[in-house]
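**Q** Chains as they are written, first to last, in the working numbering: chain S, 374 to 784; chain V, 3 to 210.
I'd like to ask you about the structure that follows.
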Amino acid sequence: MNLFKLVVAYLKARPLNTLLNILLLSLGIAMITLLLVVNNQVQEKIADNTKGIDLVVGAKGSPLQLILCNVFHIDFPTGNIKLQDADKLAQHRLVKSAIPMALGDSYRNYRIIGTTHAYATLYHAELASGMLWNTDMEVTLGANVAEQLGLKLGDKFVSAHGLSEAGHAHEAHPFIVKGILQPTFNVLDNLILTNVSSIWLVHAHDAEDTAKPDSVTASVLVPTVLASDSTRELTSLLIKYRNPIAAIQLPRYINSQTSMQAASPSFEAARLFSILGVGIEALTGFAYVLIFISALSIFLALYNSLKERRYDLAIMRSMGASRSKLLWATQVEGITLTLCGSLVGILLGHGAIYLFTMLVAESATAGVSALVFYEQELFLLAGSLVLGIICSVIPSWQAYRTDIHNVLAGN
Amino acid sequence: MIRTHALTYTYGSERKISFHDLALDKGSPCLLLGESGSGKTTLLHLLGGLLKNQQGTIEVNGTVITNLSESELDRFRGKHYGFIFQRNHLLAALTVEQNLLLAPYLAGIAQDKNRVEEVLAQLGIADQKKKRIQELSLGQAQRVAIARAVLNKPSVILADEPTSALDDSNCDRVCNLLLSVAAQNGASLLIATHDQRLKSKIHNLIQL
């Protein structure tokens, strides 16, 4: 016999009550865990995906849409920008580097991005097999694309117009898989990369390249075409600043002096979060209400059972138990309940995310994983310990004050 | 083994009970007789260290328990006393064995399962060891309570109305059990009761 066995026996003697209390608390804790894990992972993914991109320049429209489309690859493009304008911007003195992005086609819901090797370098992508694309119609696949679609080196496929499966197939121009990237655990995993002119090629209705550009007149961003070519268009440019001054001057210059718009990924992501934040706060508030109610329920359960146990307490005192031992036993009972509740809650939270990732395919794209644990969850456990102590303060004081004589004499 | 001197207890602010000086010797069972309200339970609780704030002194096995601090008294109770009450007051959440092991645990002495077997065998309920308290009959539960009281081999067993709720045959049995376990465990037995039936068994009387 020991204190813990005694406490467990008491909890097991009221199984439904114990179960209800643990369940109630675990729901609140599960909700907080869920929000914590998803929030943290989404923030991490956003930070990871926007790393190295100071500014996105594209056609005028919603800045948030521009970011969502060109950085996170979830929304649709705002429109196109002229290659000539983009070229000019790429040579601006405040721009350190500029990566062209041409969107418009997809294969089985995976987007095909016309870009340069610099885009793969931006995310420190490494090849798992094959090589990066070199000429037109060659593609390198993100790790997830290759795995999900079962594509291998040398496979050919025909892209569909638009960013969803419904678009008509560009059958005249099949792509060929030249390489497959290692997983980078960001957007790159779900993209099919090729060069910009491939995108033009599959969409070209006046498909003849007349002039062979030389190094003097070639476009900066897409050297295979002439800098003077006014028909070519891009979806966006990913820009890295040369110096901090650019952060102040460049967006203003682009937004007021050109027909393009500039949007900062970190700013737009923060804005998005402040919009979502209301919902997250409401859910968190609800979780805390649940926890408060469960604490109340645990307090009441302890309080009532202590009343029923007044004879037990008196008899234990008569057998030599000190006041503080009874106080401690009641505290341990409260703490056991809250610790169990929060452990179950944390498991439940992760379990819910796991179930979600299994059922909803998009969550894999968002990169949310159930098996990541955060330090804050230790704080949850510590918090539940404190909660247990608080819930059992009054009941344990009752236990401490048990008057042996009056209880046993039946007064 | 138990001696009292000028023992007085005051209820609230008015009623005051003075007890005659007592001297109980080891090994001789004794009855504490008196009508309801005559102070039997009060005296028993005072002797057992369950009640404090009295005047006078109580000496048990050479220790003046009226001088002990509360925590010292807790430890003293655990080691030297066994209590039996009219109702058995077993912990319903625990099994018979766990109830018995609670005695050495709370007294802070080593828990010996063999001793549990031994005492249960003495009381003829060895087969009830793993049962829950709710599964026992009233008589069995009473025996478990007695087993719990003698488990730590206390030098003093104090019983408060252990038989008043029982019929004659059960009263007889419980009384015999108490006398025999007290003898087997070398404890002095003091029974507070208004149950006149016990007089035929125990001849050492204290009348309040």
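Don't be surprised by glycine CBs; every beta carbon is placed ideally from N, CA and C.
Since we're looking at a predicted model, the values are computed, not measured.
1. For Ile666/S, tell me which candidate among Ser629/S, Arg696/S, Gly714/S and Leu467/S has the shortest Cα-Cα distance.
2. Buried or exposed, going by whether 16 or more other CB atoms sit within 10 Å of the CB of Arg774/S?
3. What are the boundary residues of the alpha helix (DSSP H) that Glu119/V is part of?
4. So Tyr383/S contacts chain V; which residues on that side make the cut at Cβ distance below 8 Å?
5. In chain S, which residues lie less than 9 Å from Asp76/V when you measure between Cβ atoms?
6. For Asn628/S, tell me which candidate among Thr597/S, Leu462/S, Phe729/S and Leu408/S has the shortest Cα-Cα distance.
7. I need the straight-line Cα distance from Trp770/S to Lys418/S, nearest angstrom please.
8. Consult DSSP for Thr557/S and reduce its assignment to one of helix, strand or coil.
9. Under 7 Å between C-beta atoms, does Ala702/S make it to chain V?
10. Under the rule that 16 or more other beta-carbon atoms within 10 Å means buried, what is Arg17/V, buried or exposed?
11. Going by Cα to Cα distance, which pick from Leu554/S, Gly707/S, Gln521/S and Gly535/S is closest to Trp506/S?
12. Need the endpoints of the beta strand (DSSP E) that Ala498/S sits in, please.
13. Per DSSP, Ser470/S is paired with what?
14. Closest to Leu92/V by C-alpha separation, out of Leu610/S, Thr557/S and Leu686/S, would be which residue?
15. Quick check: is the beta carbon of Tyr773/S nearer than 7 Å to any beta carbon in chain V?
16. Output yes if chain V places a C-beta closer than 7 Å to the C-beta of Ala674/S; else output no.
17. In terms of alpha-carbon separation, which member of Asn482/S, Gly487/S, Thr488/S and Ala516/S lies closest to Lys498/S?
18. Less than 7 Å between the beta carbons of Val569/S and Ala475/S, yes or no?
19. Looking at the structure shown, is His534/S part of a helix, part of a strand, or coil, going by DSSP?
20. Do Val512/S and Ile565/S have their C-beta atoms closer together than 7 Å?
21. Give me the chain A residues within the contact set of Ile726/S, using Cβ-Cβ distance strictly less than 8 Å, ordered along the chain.
22. Over the uninterrupted beta strand (DSSP E) stretch that includes Val430/S, give me the two end residues.
23. Rounded to whole angstroms, what is the Cα-Cα separation between Arg199/V and Gly36/V?
24. From the beta carbon of Ile777/S, is the nearest beta carbon of chain V less than 7 Å away?
25. Taking C-alpha atoms, which residue in Ala519/S, Tyr496/S, Phe530/S and Leu524/S lies nearest to Met510/S?
26. Compute the Euclidean distance between the alpha carbons of Leu716/S and Glu74/V, then round it to the nearest angstrom.
27. Quick check on Asn779/S: does DSSP put it in helix, strand or coil?
28. Leu179/V CB to nearest chain S CB: under 7 Å?
29. Buried or exposed for Thr494/S, please, with buried defined as at least 16 other CB atoms from any protein chain shown within 10 angstroms of its CB.
30. Whose CA, out of Gly14/V, Ile19/V and Pro31/V, lies closest to the CA of Leu160/V?
31. Using a Cβ distance threshold of 8 Å, determine whether the segment 126-133 of chain V contacts the segment 96-105 of chain V, with at least three qualifying pairs required.
32. For my contact list, Ile726/S and Ala743/S are in at a C-beta cut-off of 8 Å; report their separation, rounded to the angstrom.
33. DSSP three-state call for Leu52/V: helix, strand or coil?
34. Apart from the five residues on each side of it in sequence, which residues of its chain come closer than 7 Å, Cβ to Cβ, to Val745/S?
35. Taking Lys132/V as the reference, which of Leu103/V, Cys173/V and Ala184/V has the closest Cα?
36. With 7 Å set as the bound, which would you pick, yes or no: does the beta-carbon of Leu248/V sit closer than that to a beta-carbon of chain S?
**A** By the coordinates alone:
1. Gly714/S
2. exposed
3. Lys115 to Gln124
4. Ala95
5. Arg690, Gly693, Ala694, Ser695, Arg696 and Lys698
6. Leu462/S
7. 49 Å
8. coil
9. no
10. exposed
11. Leu554/S
12. From DSSP, Ala498/S is part of no beta strand (DSSP E); its letter is neither H nor E.
13. Lys613/S
14. Leu686/S
15. no
16. no
17. It should be noted that the sequence gives Ala, not Lys, for residue 498/S. With distances taken between Cα atoms, Ala498/S lies closest to Ala516/S.
18. yes
19. strand
20. yes
21. In the structure shown, chain A cannot be found, because the protein chains are S and V.
22. Leu428 to Ala432
23. 13 Å
24. yes
25. Phe530/S
26. 39 Å
27. helix
28. no
29. exposed
30. Pro31/V
31. yes
32. 4 Å
33. coil
34. Val410 and Gln414
35. Leu103/V
36. In this structure chain V extends from 3 to 210, so residue 248/V is not present and cannot be described.
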